[in-house]
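Peer 1: Numbering (the numbering used here), first residue to last: 4 to 67. Glycine residues also receive a C-beta, built at the ideal position from the N, C-alpha and C atoms. Quick one: the structure is below, questions incoming.
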């Protein structure tokens with residue numbers, strides 16, 4: 004997910020998306036431990052998406 008897409012989401016939607024993405028990341032990590040993923044770089048991409056979402060949320064908090 005690109006930063007422009009993240010910035011367009013409302014706070015509530017962004018928090019929901021963040022929860023879903025974090026759950027998906029945890030699931031991917033667990034599955035990777037059991038049977039290696041076909042593309043382990045997906046974990047890196049999802050982890051960075053989570054960081055982007057948290058960054059945007061924090062920026063919005065600081066503006067308020």
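Let me make sure I understand the geometry here. Which of 13, 25 and 7 has the alpha-carbon closest to that of residue 48?
Peer 2: 25
Peer 1: When the Cα of residue 46 is compared with those of 34, 10 and 8, which residue comes out closest?
Peer 2: 34
Peer 1: Under three-state DSSP, which class holds residue 42?
Peer 2: coil
Peer 1: Alpha carbon to alpha carbon, how far is residue 39 from residue 15?
Peer 2: 34 angstroms
Peer 1: At the level of alpha carbons, what is the spacing between residue 55 and residue 67?
Peer 2: Rounded to whole angstroms, residue 55 and residue 67 show a C-alpha spacing of 19 angstroms.
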